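Take a look at the structure set out below.
Residue numbers (this note's numbering): 1392 to 1768.
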């Protein structure tokens, strides 16, 4: 489609005169109004949200911190929520979920720290190629992993690896709100060189009511110091909390990190009879166990590939068959791996629901075949 500057200007003039639905009807023939507006400025949007990268920082060898300026339709977020970020790589749009790390009290600003994983196609691209001026697609914030109101008097934050980002948002938000309760923030990592927010944590730890603790899991910490905080050693143990957060039995506890960390904390609080005080958000989902009674075949029609149904998710079976379908969170959140089920039945591993209707979209990462299934993959 070729649109001249004159046609675009005319469309913009009309947009000021046609209210509401009339405007949308007039502008969406044959494309939505956003298609015309982006020809003038990629950040001009009526329906979609976009964000411009205004700062790029490489705080560790494996991570990049991006400061974004969202468009006006961005309505902010609550500390602990996540957003979906769309990145175009070689002409293909990829979507991933990230948790903002900045304070939720900052209007019109979004800070994301992205850790590049070995198999992380998008995270490695952002670490190596993100640049000031680049425009990304952005979703509204979502998720229920948030602090309650009114705020509890005792809060414990536990994170591991890249799970530090929602916790940074929580503690920064509390400080900006002049929260006067007690916060203990324990971050587990390989060593101090693996912490992207060392300076900020040191500043936060200087406050009387904020206690920063580092759980180094290597044989020795990399630089022999705990920047601005206390140090514990090894994987999570209830003794850590007894030592650094003696009030944790009365606290609301928030966890974000690998499945092993989350399960260890849950088990500890379960023994105390306090599991109801634990709130979790995992940045990596545990793969569901394969169905031992699986039968039938999975047909990936567009690729011309068939495979015996081994009971794993359709995404895992597609990858095992040598295919590379698009995916994002692998948790059923971002919908990047959605494909059309042409025939057969699938079961949603999160809800247990069976979908037997033909020509229906299914999420490959959380759907398992029930007998013979044919998909447009």
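All C-beta atoms, glycine included, are put in the ideal place defined by N, C-alpha and C.
Computed from a prediction, not measured in an experiment: that's the story for all the values here.
Residue i and residue j closer than 7 angstroms at C-beta
i	j	result
residue 1451	residue 1492	no
residue 1706	residue 1647	no
residue 1440	residue 1529	yes
residue 1627	residue 1656	yes
residue 1725	residue 1488	yes
residue 1752	residue 1729	yes
residue 1506	residue 1553	yes
residue 1759	residue 1738	yes
residue 1538	residue 1476	no
residue 1652	residue 1551	yes
residue 1660	residue 1666	yes
Identity of the residues DSSP links to residue i by a beta bridge
i	result
residue 1549	1577, 1646
residue 1440	1529
residue 1736	1761
residue 1475	1488
residue 1752	1731
residue 1462	Note: residue 1462 sits in no beta bridge, so no partner.
residue 1446	1458
residue 1663	According to DSSP, which records beta bridges pairwise, residue 1663 is partnered with nothing at all.
residue 1622	1605
residue 1451	1454
residue 1746	1737
residue 1766	1691, 1732
residue 1480	1483
Option nearest residue i by Cα separation, candidates the options
i	options	result
residue 1483	1495, 1512, 1470, 1461	1512
residue 1446	1469, 1503, 1474	1503
residue 1696	1683, 1682, 1716	1716
residue 1731	1629, 1747, 1711, 1477	1747
residue 1713	1721, 1694, 1720	1694
residue 1464	1481, 1532, 1510	1532
residue 1663	1684, 1633, 1671, 1738	1633
residue 1572	1649, 1643, 1718	1643
residue 1558	1595, 1515, 1750, 1650	1595
residue 1722	1709, 1768, 1708, 1704	1704
residue 1682	1743, 1459, 1501, 1480	1743
residue 1501	1607, 1459, 1711, 1767	1459
residue 1473	1750, 1698, 1684, 1672	1672
residue 1541	1515, 1568, 1522	1568
residue 1736	1543, 1689, 1600	1689
residue 1625	1745, 1606, 1702	1606
residue 1629	1702, 1754, 1654	1654
residue 1497	1481, 1566, 1710, 1515	1566
residue 1536	1711, 1709, 1668, 1708	1668
residue 1490	1534, 1597, 1515	1534
Close beta carbons around residue i, own chain, < 7 angstroms, minus the five adjacent residues each side
i	result
residue 1641	1545
residue 1686	1700, 1762
residue 1495	1467, 1468, 1469, 1470, 1560, 1564
residue 1767	1692, 1693, 1730, 1731, 1733
residue 1562	1548, 1574, 1576, 1595, 1601
residue 1521	1444, 1447, 1455, 1457
residue 1585	1451
residue 1754	1723, 1726, 1728, 1729
residue 1570	1542
residue 1709	1691, 1716, 1755, 1768
Own chain residues within Cβ distance below 6 angstroms of residue i, not counting five before or after
i	result
residue 1631	1623
residue 1456	1448, 1450, 1504
residue 1485	1478, 1513
residue 1453	1506, 1507
residue 1645	1548, 1670
residue 1588	1559
residue 1638	1545
residue 1745	1736, 1738
residue 1421	In this prediction, residue 1421 scores a pLDDT of 48, lower than 50, which makes its location untrustworthy; no coordinate-derived value is stated.
residue 1702	1681, 1682, 1685
residue 1590	none
Cut-off 8 angstroms between Cβ atoms - residues of its own chain near residue i, not counting five sequence neighbours on either side
i	result
residue 1635	1575, 1577, 1602, 1604, 1621, 1623
residue 1517	1455, 1457, 1478, 1505, 1507
residue 1727	1485, 1486, 1487, 1717, 1718, 1719, 1720
residue 1750	1731, 1732, 1733
residue 1741	1723, 1757
Residue-chain proximity (residue i, chain C), Cβ-Cβ < 7 angstroms
i	result
residue 1588	Structure shown: chain C not included; a single protein chain is present.
Ranges of the beta strand (DSSP E) found wholly within the stretch 1670-1733, counting only runs of at least 3: 1688-1691, 1696-1699
Unbroken stretches of the beta strand (DSSP E), 3 residues or longer, contained in the stretch 1502-1529: 1526-1529
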